[in-house]
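Colleague: Sharing a structure below in structure tokens format, with a few things to ask.
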Amino acid sequence: MTIERSVDPEYVGFDSGRLARIDEHFGRYVDDGRLAGWQIVVTRRGEVAHSSTYGLRDREAGRPVESDTLWRIYSMTKPLTSVAAMMLWEEGRFELTDEVSRWIPALGDVRVYDKGSALRPFTVPAVEPIRIWHLLTHTAGLTYGFMQTSVVDALYRAAGYDLSTPVGVDAAGACGAWARLPLLFQPGSAWGYSVATDVLGHLVEVISGQSLDEFFAERILGPLGMTDTRWWVEEGEGSRLAALYAPHPATGQAVRLEQAGARALEKPEFLSGGGGLISTAADYHRFTQMLLREGELDGVRLLGNRTVRFMTRNHLPGGKDLAQLSAGGFAETVLDGIGFGLGFAVVQDPVPSRVPSSVGEYYWGGLASTAFWVDPKEEITALLFTQLVPSSTHPLRPQLRQLVYSALVD
4 MTIERSVDPE YVGFDSGRLA RIDEHFGRYV DDGRLAGWQI VVTRRGEVAH
54 SSTYGLRDRE AGRPVESDTL WRIYSMTKPL TSVAAMMLWE EGRFELTDEV
104 SRWIPALGDV RVYDKGSALR PFTVPAVEPI RIWHLLTHTA GLTYGFMQTS
154 VVDALYRAAG YDLSTPVGVD AAGACGAWAR LPLLFQPGSA WGYSVATDVL
204 GHLVEVISGQ SLDEFFAERI LGPLGMTDTR WWVEEGEGSR LAALYAPHPA
254 TGQAVRLEQA GARALEKPEF LSGGGGLIST AADYHRFTQM LLREGELDGV
304 RLLGNRTVRF MTRNHLPGGK DLAQLSAGGF AETVLDGIGF GLGFAVVQDP
354 VPSRVPSSVG EYYWGGLAST AFWVDPKEEI TALLFTQLVP SSTHPLRPQL
404 RQLVYSALVD
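All residue numbers for the sequence shown refer to this note's numbering, where the first residue is 4 and numbers rise by one.
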């Protein structure tokens, strides 16, 4: 399935000449070697106003980015897992305040890091259990090994949980391992980006009685017609997959990551609800249109409109923003003026970031510099796909916002 422009940009309030600046600007990243290639899609009022590709999906093989290129979306998996959980919530299968240990008993007796080193950490009992809303909002106290900002991160890495999980470990095994490690903070007291959505994905499995790939296929991907979204790429379609790159430490040129990139060609033992999916622009476009339409697309309703509105409000304690509650360094998004809902970052005030957006806009991105946002006020969605890790290498996301909103002239 491909995605092409469906409307004259002027018809939906864009200046086409200004939209052309998007390709000019991001084209320079490819021309000077910082990116191998990219794909960008911008819509308004359900119509595709801009769809473009540039450069190579596989520079070494000379294959261009095409409309149906497959991209590792990493943490852009998280919104799908959050939607999956909330579909079960709508069925009354759990309450957001329920303790996670009701379904994953290992997480019922957790401890919290207090002081000390990675060799001799001192912990204290958790005074509040991990609840389901903590998983959805990243306030559970869990972390990621690759964050490298705390003693707890180091403990995750020592246990084999860095950018991936140890060989032979599935979601249940990973949850058990994380439960044995201390939390970064008391549940509900701070915000810390983490494996929480992986735990949430396993929770979906336990509650639904299906594996996560089965649930996604039956309840989300199939109904939405997301026919190209999957957990790995079969051998016959490997040429469609974009190669994975990282910046050279001296030159900044994109350098291929052969071993890390090849993992997408293997069936995973661990179905990561936090970062395991591979998708296309056309597929993720359908997902964002469902969100923009508040849970429904082409007669298929996944969520009620009030549920989507509830998910995309700021759920952080006290109505605070990420800058006030973040437990450590973080490069996936700006923190000032940004809240967090049930699976999405949510703009509370665009001024502190110095980048235009709308109050109530929600979004997220992935490790390889992919990104999306949904702006209900302006009825805009935007998608950016490339394959450069880490996502903090270049300011691609704020620059895309800058270019899109400056092209809006109605």
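Backbone N, C-alpha and C define an ideal beta-carbon position, used for all residues, glycine too.
Report yes if the C-beta distance between R309 and G228 is below 8 Å; otherwise report no.
Modeller: Taking the first residue of the sequence shown as position 1, residue 309 is located at position 306. Taking the first residue of the sequence shown as position 1, residue 228 is located at position 225. Taking 8 Å as the Cβ cut-off, R309 and G228 do not qualify as a contacting pair.
Colleague: In the DSSP output, what is D378 paired with across the bridge?
Modeller: Position 375 of the sequence shown holds residue 378. Its beta-bridge partners are I383.
Colleague: Mind checking V170: buried by the 16 CB within 10 Å criterion, or exposed?
Modeller: Along the sequence shown, one-based indexing puts residue 170 at 167. The residue is exposed, with fewer than 16 neighbouring Cβ atoms inside 10 Å.
Colleague: Measure from the alpha carbon of T100 to the alpha carbon of each residue in L345, G16, L122 and P124, then state which is nearest.
Modeller: Working through the sequence shown from its first residue, we reach residue 100 at position 97. Here the closest residue by C-alpha is L345.
Colleague: In angstroms with no decimal places, state the Cα-to-Cα distance between G225 and A267.
Modeller: Locating residue 225 in the sequence shown gives position 222, where the first residue counts as 1. Locating residue 267 in the sequence shown gives position 264, where the first residue counts as 1. So the alpha carbons of these two residues sit roughly 21 Å apart.
Colleague: Measuring alpha carbon to alpha carbon, tell me which of V358, A64, Q292 and P355 ends up nearest T384.
Modeller: Sequence index remark: in the sequence shown, residue 384 carries index 381 (1-based). Checked all of V358, A64, Q292 and P355; the closest Cα to T384 is Q292.
Colleague: Check L73 in the structure and name its three-state DSSP category.
Modeller: By one-based count along the sequence shown, residue 73 stands at place 70. Strand at L73.
Colleague: Answer yes if the region 267-278 comes into contact with the region 191-208, meaning at least three C-beta pairs across the two stretches below 8 Å, and no otherwise.
Modeller: Using a C-beta cut-off of 8 Å, the region 191-208 makes contact with the region 267-278, since at least three inter-stretch Cβ pairs fall below that distance.
Colleague: Any idea if R75 is buried or exposed, counting beta-carbon neighbours within 10 angstroms, 16 or more meaning buried?
Modeller: Position 72 of the sequence shown, counted from the start, is the residue given in the question as residue 75. It counts as buried.
Colleague: Please list the terminal residues of the continuous alpha helix (DSSP H) segment that includes F29.
Modeller: The count along the sequence shown starts at 1 and reaches residue 29 at position 26. Start and end: S19 to D34.
Colleague: I need the straight-line Cα distance from Y408 to L22, nearest angstrom please.
Modeller: Looking up residue 408 in the sequence shown gives position 405. Looking up residue 22 in the sequence shown gives position 19. The straight-line gap from Cα to Cα measures roughly 9 Å.
Colleague: Could you tell me whether the Cβ atoms of Q189 and G144 are closer together than 8 Å?
Modeller: Here residue 189 refers to the residue found at position 186 of the sequence shown. Here residue 144 refers to the residue found at position 141 of the sequence shown. Cβ distance < 8 Å, so Q189 and G144 count as in contact.
Colleague: Sorted by chain position, which residues of the same chain lie with C-beta nearer than 7 Å to G36's C-beta, five sequence neighbours on each side aside?
Modeller: Sequence index remark: in the sequence shown, residue 36 carries index 33 (1-based). Once the five neighbours on either side are set aside, the close Cβ partners of G36 are Q256 and A257.
Colleague: How would you write the range of the alpha helix (DSSP H) that D156 sits in, first residue to last?
Modeller: To locate residue 156, count along the sequence shown from 1; it is residue 153. For D156, the enclosing alpha helix (DSSP H) begins and ends at V154 to A161.
Colleague: Hey, out of A174, V115 and A253, whose CA is closest to I107's CA?
Modeller: Here residue 107 is taken as the residue at index 104 of the sequence shown, counted from 1. Closest by alpha carbon: A174.
Colleague: Looking at L83 and F219, is the spacing between their C-beta atoms short of 8 Å?
Modeller: Against the sequence shown, residue 219 aligns to sequence position 216. Against the sequence shown, residue 83 aligns to sequence position 80. Contact flag set, yes.
Colleague: On a CA-only basis, which of L215, R222 and Q402 is nearest L305? Give me that one, please.
Modeller: Position 302 of the sequence shown, counting from 1, holds the residue named residue 305. Nearest C-alpha to L305: R222.
Colleague: Using 8 Å as the cut-off, can you tell me whether the region 106-123 makes contact with the region 149-157, which would need three or more C-beta pairs spanning the two stretches below that distance?
Modeller: The region 106-123 is in contact with the region 149-157.
Colleague: Starting from the Cα of Y366, find the closest Cα among L391, G20, V349 and R404 and give me that residue.
Modeller: Here residue 366 is taken as the residue at index 363 of the sequence shown, counted from 1. For Y366, the nearest C-alpha among the options comes from V349.
Colleague: In its own chain, which residues sit with a C-beta less than 6 Å from the C-beta of D26, not counting the 5 before and 5 after it?
Modeller: For this step, residue 26 is matched to residue 23 along the sequence shown. Cβ within range, chain order: S55.
Colleague: Output needed for A311: all residues of its chain with C-beta closer than 6 Å, excluding positions within five of it in sequence on either side, in chain order.
Modeller: Reading the sequence shown from its first residue, position 308 is the one you call residue 311. For clarity, residue 311 is Val in the given sequence; the question names Ala instead. Correct list, in chain order: E297 and G298.
Colleague: Check for me: the alpha helix (DSSP H) holding W181 runs from which residue to which?
Modeller: Locating residue 181 in the sequence shown gives position 178, where the first residue counts as 1. Here the alpha helix (DSSP H) through W181 covers A174 to R183.
Colleague: Alpha carbon to alpha carbon, how far is G111 from L280?
Modeller: For the purposes of this step, residue 111 is taken as residue 108 along the sequence shown, with counting starting at 1. For the purposes of this step, residue 280 is taken as residue 277 along the sequence shown, with counting starting at 1. Going from the Cα of G111 to the Cα of L280 covers about 29 Å.
Colleague: With C-beta atoms as the reference, is L391 less than 8 Å away from P185?
Modeller: On the sequence shown, residue 391 is found 388 positions in, with the first residue counted as 1. On the sequence shown, residue 185 is found 182 positions in, with the first residue counted as 1. No, these two residues do not count as a Cβ contact at 8 Å.
Colleague: Can you pull the DSSP bridge partners for G40?
Modeller: Stepping through the sequence shown from its first residue, residue 40 is reached at position 37. Per DSSP, G58.
Colleague: Can you check which of these residues, S211, R259 and G331, is closest to H141 by C-alpha distance?
Modeller: Counting from one through the sequence shown, the residue named residue 141 turns up at place 138. It is G331 whose Cα lies nearest to the Cα of H141.
Colleague: Have a look at E50, H137 and W41 and flag the residue whose alpha-carbon is nearest the alpha-carbon of R66.
Modeller: Taking the first residue of the sequence shown as 1, we reach residue 66 at position 63. R66 has its Cα closest to that of W41, out of E50, H137 and W41.
Colleague: Please tell me whether A246 and E63 are closer than 8 Å, where the distance is taken between their beta carbons.
Modeller: As a working mapping, residue 246 is identified with position 243 in the sequence shown. As a working mapping, residue 63 is identified with position 60 in the sequence shown. In this structure, E63 lies closer than 8 Å to A246 by Cβ.
Colleague: Considering only residues of the same chain and omitting the five flanking positions on each side of V236, which have a CB-CB separation below 7 Å?
Modeller: By 1-based counting over the sequence shown, the position of residue 236 is 233. For V236, where only same-chain residues beyond five positions count, the Cβ hits under 7 Å are L73, L244, A267, L268 and I281.
Colleague: Measuring alpha carbon to alpha carbon, tell me which residue in T126, V207 and V113 is nearest G179.
Modeller: For this step, residue 179 is matched to residue 176 along the sequence shown. Ranking the options by Cα distance to G179, first place goes to V113.
Colleague: For A284 and D71, I'd like the C-alpha separation in whole angstroms.
Modeller: Taking the sequence shown and counting its residues from 1, one reaches residue 284 at position 281. Taking the sequence shown and counting its residues from 1, one reaches residue 71 at position 68. Rounded to whole angstroms, A284 to D71 spans 7 Å at the Cα level.
Colleague: So, at 6 Å on beta carbons, what are the nonlocal neighbours of D413 in its own chain, with the 5 sequence-adjacent residues on each side left out?
Modeller: Counting from one through the sequence shown, the residue named residue 413 turns up at place 410. The answer, listed in chain order, is G16.
Colleague: Considering only the beta carbon of each residue, do L91 and I210 sit closer than 8 Å?
Modeller: Taking the sequence shown and counting its residues from 1, the one referred to as residue 91 is at position 88. Taking the sequence shown and counting its residues from 1, the one referred to as residue 210 is at position 207. Going by C-beta atoms, L91 is nearer than 8 Å to I210.
Colleague: Using the Cα positions of R183 and A162, report the straight-line distance between them to the nearest angstrom.
Modeller: Residue numbering aside, residue 183 sits at position 180 when the sequence shown is read from its first letter. Residue numbering aside, residue 162 sits at position 159 when the sequence shown is read from its first letter. In a straight line, the C-alpha of R183 is about 10 Å away from that of A162.
Colleague: Rounded to whole angstroms, what is the Cα-Cα separation between V207 and L138?
Modeller: For the purposes of this step, residue 207 is taken as residue 204 along the sequence shown, with counting starting at 1. For the purposes of this step, residue 138 is taken as residue 135 along the sequence shown, with counting starting at 1. Straight-line Cα distance between these residues: approximately 12 Å.
Colleague: Look at the alpha carbon of W376 and the alpha carbon of E364, and state the distance between them as a whole number of angstroms.
Modeller: Taking the first residue of the sequence shown as 1, we reach residue 376 at position 373. Taking the first residue of the sequence shown as 1, we reach residue 364 at position 361. Rounded to whole angstroms, W376 and E364 show a C-alpha spacing of 7 Å.
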